[in-house]
Every structure is written in structure tokens, then in C-alpha cells.
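>
Residue numbers (full-length UniProt numbering): 1 to 139.
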């Protein structure tokens, strides 16, 4: 399973990502939001404006496409260790991002051993180019 250390810094082409208010509602319910969290789980409660859980950035701003740039490896051996998100502004209930993923670092532990691969995703507003959200390795 050869990894390519030269892949560090490699980026994907921009990938559009679009979501609806239904997507963010279902996400909130899927991660355990309930009746105490109406701002995240309903769009039609009186005087409650729909909000999006900040962790939806993990879905909207995926760094995983950059994994295709690191070389060949057995995807069944992949373990997601940890991830950090950075929001530059709240995500809207429905919206669009343009996402570029990057290979941030590769720490190959040697032949027949594991490796640590750190991927980064940057989501920008397609209308303005402004960064909205990032998913990062836990440096």
C-alpha cells in the first residue's frame, strides 16, 4: 500500500455542494437533536427561526476527496481518528458551497505499519469566494 509523500499540498478541483433545509433538519434529528432543540429540528415553529448545527460543516465541507491523491491503500483499513471544524459564519438552513480538499500532511509509519493522513476541506461561498467553513486535522 504505497503512499505518496509528494501528495502533501495537493488539492482537488473545486467541488460544488448544495443542501436544503430538509437536509439540515434531518441531520439534526440524526445526531440526536430533539424537542428541546426546535431551532434545529423544525422550520415552522412560531417565532423560531431555523438554525443549522455547526457540525453540519463536516458534511458540507468534506475533506475526503483529497484521499484519492495520497496513493493506493486499502479503504477497508481506513480509520477516521478526529476532525476539527472552523466556521467563519453560521451555515444557512439551505445553501451552496464550493469545496476544495487538500492533503495537509502524511505521516507514514513505515512498511507494513499504519500512516496518519491529515486532510483539509475549505468551503467558500460560490457567489463571493468568501470562506464559510473549514474542516481541519487536529493540529
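A virtual CB, placed ideally from N, CA and C, is assigned to each residue, including glycine. None of the values given here were measured: they were computed from a predicted structure.
Can you tell me whether residue 50 is buried or exposed? The criterion is at least 16 other CB atoms within 10 Å of its CB, across all chains shown.
buried
> Mapping DSSP to helix, strand and coil, what is residue 30?
Residue 30 carries a helical assignment under DSSP once its states are collapsed to helix, strand and coil.
> Roughly how many angstroms separate the alpha carbons of residue 120 and residue 3, rounded to a whole number?
17 Å
> How would you label residue 118, buried or exposed, when you count the other beta carbons within 10 angstroms and need 16 or more for buried?
buried
> When the Cα atoms are used, what is the spatial distance from residue 134 to residue 46?
One C-alpha to the other measures close to 32 Å.
> Decide if the region 2-17 is in contact with the region 27-43; the criterion is three or more beta carbon pairs, one per stretch, under 8 Å apart.
Segments in contact, no.
> Apart from the five residues just before and just after residue 125, which ones in its own chain have a Cβ nearer than 6 Å to its Cβ?
132
> Using C-beta distances below 7 Å, list every residue in its chain close to residue 70, excluding the 5 sequence neighbours before and after it, in chain order.
3, 4, 7, 103, 106 and 117
> Just to check, is the beta-carbon of residue 97 closer than 7 Å to a non-hydrogen atom of the ligand NAD?
Here there are no bound small molecules, and the ligand NAD is not part of this structure.
> Can you tell me which of 78, 138, 80 and 24 puts its alpha carbon nearest to the alpha carbon of residue 86?
Nearest C-alpha to residue 86 among 78, 138, 80 and 24: 138.
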